[in-house]
Structure formats: structure tokens, C-alpha cells
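**Q** Attaching a single structure in C-alpha cells format; questions to follow.
2 protein chains.
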Amino acid sequence: MNNPFSTNAVEPDISLSICGYSKVLDIISNKWTALVIYAMEDGIIRYSDIRRRIEGISKKMLTQTLRQLERDGLVQREITPSVPPIVEYSLTPLGVSLLEPMRALNQWTSKNYVWVEKARASYDQVDQTE
Amino acid sequence: MNNPFSTNAVEPDISLSICGYSKVLDIISNKWTALVIYAMEDGIIRYSDIRRRIEGISKKMLTQTLRQLERDGLVQREITPSVPPIVEYSLTPLGVSLLEPMRALNQWTSKNYVWVEKARASYDQVDQTE
DNA sequence: CCGTATCCAGTATGATACTG
DNA sequence: CAGTATCATACTGGATACGG
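Protein sequences, first through last, are from chains A and B.
Sequential numbering from 84 applies to the first sequence in the numbering used here.
Sequential numbering from 84 applies to the second sequence in the numbering used here.
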């Protein structure tokens, strides 16, 4: 391939640490991450309101997800030290910049997910007849 | 809270099964999936050539990843029953349609990943001084 | 209100050896 | 060449209880 005298010499040219696909996915592909980002799309929101909006998320997982996003620079955390405290979260400009490619994914789902479901049903059908 | 006179009544409106972000990510966010798709971007490719191109992937994980993609209708598998057999993989039209949003993610990485790394370094720095 | 700490179960991945 | 089978391990996520 990359040597004119060989027909099938192939060197590894794809790796986890280099592929741009993998690097973003590493950031956004934890179970709750996409949902938490989605909850912040409209602007500043309190911890407990995120928790109320997302069905089934525990405090532990919400906190953990927010901390990772904060560490990656995608989310900002603002504390008002009243009693009880008010903690508000929002996307940083870097976080906002991620919305565009994520919306592209979302649109793909709207248009095409029905075909994925059909493919799965068909594949599983064939599987059972064997 | 859950009464009509409260100012901050919030019902869950985000869930794993409905959010479009989460549904695509479920398809493409396994460890090797993005890399395998990446290896097929240029067209038909043999099993062993994918394996040679992707650094560190085992036969087990490659097969498992390809089977999932096939089940989801994103990849087609073509067998030539010679001895030894030739098995070729390629993206289906549905699989090809995913390339566009994935490339958007890739471009985001090219432009912005450096900021993620800086944010992480800064966050971890602060962490240690505590 | 906004978390942390602990422990535990389920899943994802990996190493290795074998096969048509 | 293109897989499968088996076993081991690591990581993720959930339940529960407690704290400033």
C-alpha cells in the first residue's frame, strides 16, 4: 500500500491516541455526559434543576459527570455561598462550541435512527432462524 | 416544587431513551468503533487489513466491533469462499451518512482539543495545591 | 442544597489458545 | 485468513448512607 513494490504491506496508521473521532468521543461518551450537556444548552442552570430534568440520574453520577466536564474546560461552576448554597452550572465558550457537532449527530439520529432499528430487527431475525 | 404556585417546578424532560445525542453515541462510542469506521472511510477493505491499520486491536475486539456495526446496518460484510477465505467490509449508505457528523466532531477536535488539554492541566494543578 | 464515601454488581475489554 | 472459546481483569455505574 505504502510501498510501491509490495502489494499488501500495511503499517498501523490509526490509533486511539491520534484519531480525532476517538478523542472527542472520550470526552462525551460517558453514560450521562450528553444528557448533562443537553440540559445546559439553554444557559445557566442549578444543580438540582439539572437533576430534576434528567430522568434517573443519581447525585453521584451527576456530580461526577459535571466534574469531568469542568476538568475538560467545557463547563463552568459558580458557587453562591449562601445557606443553603446555590451552585450554578453553564457551558463555557469551549463547551458551546461543541454544541454544533453534537447537533449534527442529533440530526443524523432524527433522520436515520429508524433504519438502525430496522437493521437490528432484521439481523436478529436471521440470527434466530439459524 | 410540584405545586402550580411554585416558580421552579421542573419535570424530567431528558432521558437516555429519547435524547438523540445519546442514541448515536450508543452506536459509535465503544472503544474501537470510531477507529474501525475510520479505517473503512476509503472504501472496501479486508479484515486483516483493518487489523493491520489499527494499532493494538485484537482479533476478538475487531470481530465484535464489526458484528455490532453490521447489526446496526452501518457495515456490509462480503465473503468470498476461497481457501483461505476472503472477507471484505465496507460502509453501507447508512454508514456513509454517519461520516459527515463524525467529521464534524473530528474538526472540532483539530481546532479545540488543545484547549481541553490546557484546561485539564490547569484543573489538575489546582487540585494538587489543595 | 449540594455534595462525599463506601461497597458491590454488571459490563467491557484483554490474553491466550484453538479451528475450518 | 478469519475467526471462536475460555478465562481473567479493569472499569463503570448504581444503591445506600452520611456530612457541611
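We treat Cβ as the ideally placed atom computed from N, Cα and C, and that holds for glycine.
With the cut-off set at 8 Å, would you say Val-158/B and Gly-126/B are in Cβ contact?
**A** Taking the second sequence and counting its residues from 1, the one referred to as residue 158/B is at position 75. Taking the second sequence and counting its residues from 1, the one referred to as residue 126/B is at position 43. Taking 8 Å as the Cβ cut-off, Val-158/B and Gly-126/B do not qualify as a contacting pair.
**Q** In chain A, what lies closer than 7 Å to Asp-125/B by C-beta?
**A** Against the second sequence, residue 125/B aligns to sequence position 42. Correct list: empty, because the minimum Cβ distance to chain A is about 11 Å.
**Q** Going along the chain, which residues of its own chain have a beta-carbon closer than 6 Å to the beta-carbon of Val-119/A, five neighbours each way excluded?
**A** Against the first sequence, residue 119/A aligns to sequence position 36. Excluding sequence neighbours, Val-119/A sits near Thr-148.
**Q** Under the DSSP definition of a beta bridge, which residues are partnered with Ser-173/B?
**A** Here residue 173/B corresponds to residue number 90 of the second sequence, with the count starting at 1. Ser-173/B is bridged to Gln-159/B.
**Q** Among Arg-154/B, Arg-160/B, Arg-186/B, Trp-198/B, which residue has its Cα nearest to the Cα of Asp-207/A?
**A** Residue mapping note: residue 207/A aligns to position 124 of the first sequence, counting from 1. That would be Arg-154/B, whose Cα lies nearest to the Cα of Asp-207/A.
**Q** Since Met-144/A meets chain B, which of its residues come closer than 8 Å, beta carbon to beta carbon?
**A** Translated into positions along the first sequence, residue 144/A becomes position 61. What Met-144/A touches in chain B: nothing, since even the nearest Cβ is about 12 Å away.
**Q** Apart from the five residues just before and just after Ile-110/A, which ones in its own chain have a Cβ nearer than 7 Å to its Cβ?
**A** On the first sequence, position 27 is the one that residue 110/A refers to. Answer for Ile-110/A: Asp-155, listed in chain order.
**Q** Rounded to a whole number of angstroms, what is the C-alpha to C-alpha distance between Val-209/A and Ser-173/B?
**A** The sequence position of residue 209/A within the first sequence is 126, counting from 1. The sequence position of residue 173/B within the second sequence is 90, counting from 1. For Val-209/A and Ser-173/B, the distance between alpha carbons rounds to 20 Å.
**Q** DSSP on Ile-101/A, reduced to helix/strand/coil?
**A** Mapped onto the first sequence, residue 101/A falls at position 18. Looking at Ile-101/A - three-state DSSP - the assignment turns out to be coil, as it is neither helix nor strand.
**Q** Compute the minimum distance between the beta carbon of Thr-116/B and the heavy atoms of the ligand MN, and state whether it is under 7 Å.
**A** Of ligands this structure carries none, so the ligand MN is not represented either.
**Q** Pop quiz: Ala-27/A and Ala-187/B are said to be a contact at Cβ under 8 Å. What is the actual Cβ separation, rounded to whole angstroms?
**A** As displayed, chain A neither begins before 84 nor continues past 213, which places residue 27/A out of reach and without an answer.
**Q** Tell me the residue span of the alpha helix (DSSP H) that contains Ile-133/B.
**A** Position 50 of the second sequence, counting from 1, holds the residue named residue 133/B. Its alpha helix (DSSP H) spans residues 130 to 136.
**Q** Report the residues of the segment 167 to 184 of chain A with a CB closer than 8 Å to any CB of chain B, ordered along the chain.
**A** Against chain B - using a Cβ distance shorter than 8 Å - the residues of the segment 167 to 184 of chain A are Leu-177, Ser-180, Leu-181, Glu-183, Pro-184.
**Q** Going along chain A in order, which residues have a C-beta closer than 8 Å to the C-beta of Arg-160/B?
**A** The residue given as residue 160/B occupies position 77 in the second sequence. Per Cβ cutoff of 8 Å: no residues; Arg-160/B is ~11 Å from chain A at best.
**Q** Give the straight-line distance between the Cα atoms of Arg-135/B and Leu-152/B, rounded to the nearest whole angstrom.
**A** Working through the second sequence from its first residue, we reach residue 135/B at position 52. Working through the second sequence from its first residue, we reach residue 152/B at position 69. If I take the Cα positions, the gap works out to 19 Å.
**Q** Under 8 Å between the Cβ atoms of Val-166/A and Tyr-130/A?
**A** Mapped onto the first sequence, residue 166/A falls at position 83. Mapped onto the first sequence, residue 130/A falls at position 47. Their beta carbons are not under 8 Å apart, which means Val-166/A does not touch Tyr-130/A by this criterion.
**Q** Going along chain A in order, which residues have a C-beta closer than 7 Å to the C-beta of Thr-192/B?
**A** Position 109 of the second sequence holds residue 192/B. Ordered by position in chain A, the residues that pass the 7 Å Cβ test against Thr-192/B are Gly-103, Lys-106, Val-107.
**Q** Looking at the secondary structure, which residues open and close the alpha helix (DSSP H) in which Ile-120/A lies?
**A** Here residue 120/A refers to the residue found at position 37 when the first sequence is read from its first residue. 116 to 123 is the extent of the alpha helix (DSSP H) around Ile-120/A.
**Q** With a 10 Å radius around its C-beta and 16 neighbouring C-beta atoms as the bar for buried, classify Thr-146/B as buried or exposed.
**A** As a working note, residue 146/B is residue 63 in the second sequence. Counting Cβ neighbours within 10 Å, Thr-146/B comes out exposed, since fewer than 16 surround it.
**Q** Below 8 Å between beta carbons: does that hold for Met-185/A and Tyr-104/B?
**A** Along the first sequence, one-based indexing puts residue 185/A at 102. Along the second sequence, one-based indexing puts residue 104/B at 21. Closer than 8 Å, so yes.
**Q** From Gln-190/A, Leu-182/A, Ser-180/A, Thr-175/A, pick the residue whose C-alpha is nearest to that of Ser-180/B; which is it?
**A** Along the second sequence, one-based indexing puts residue 180/B at 97. Out of Gln-190/A, Leu-182/A, Ser-180/A, Thr-175/A, Gln-190/A has the C-alpha closest to the C-alpha of Ser-180/B.
**Q** Restricting to runs no shorter than 3 residues, where is the beta strand (DSSP E) found entirely within the segment 179 to 209 of chain B?
**A** Within the segment 179 to 209 of chain B, no complete beta strand (DSSP E) run reaches 3 residues.
**Q** Pop quiz: Thr-192/A and Lys-143/B are said to be a contact at Cβ under 8 Å. What is the actual Cβ separation, rounded to whole angstroms?
**A** Sequence index remark: in the first sequence, residue 192/A carries index 109 (1-based). Sequence index remark: in the second sequence, residue 143/B carries index 60 (1-based). In fact, because the Cβ distance is near 29 Å, the residues do not count as touching under 8 Å.
**Q** Our contact map puts Ser-112/B next to Leu-182/A with C-beta atoms below 8 Å; I'd like the distance itself, whole angstroms only.
**A** Mapped onto the second sequence, residue 112/B falls at position 29. Mapped onto the first sequence, residue 182/A falls at position 99. In fact, because the Cβ distance is near 18 Å, the residues do not count as touching under 8 Å.
**Q** To the nearest angstrom, report how far apart Trp-115/B and Arg-203/A are at their CA atoms.
**A** Your numbering for residue 115/B matches position 32 in the second sequence. Your numbering for residue 203/A matches position 120 in the first sequence. The alpha-carbon atoms of Trp-115/B and Arg-203/A are separated by roughly 20 Å.
**Q** Closest by CA to Glu-124/B, which one among Lys-194/B, Arg-160/B, Thr-175/B?
**A** Position 41 of the second sequence holds residue 124/B. Per the Cα distances, Thr-175/B.
**Q** At 7 Å on the CB atoms, spell out the chain A contacts of Pro-95/B, in chain order.
**A** Working through the second sequence from its first residue, we reach residue 95/B at position 12. Those are Arg-135, Arg-136, Ile-137, Glu-138, listed as they occur along chain A.
**Q** With Glu-153/B as the anchor, note down where its alpha helix (DSSP H) starts and where it stops.
**A** Residue mapping note: residue 153/B aligns to position 70 of the second sequence, counting from 1. Unbroken alpha helix (DSSP H) run through Glu-153/B: 142 to 154.
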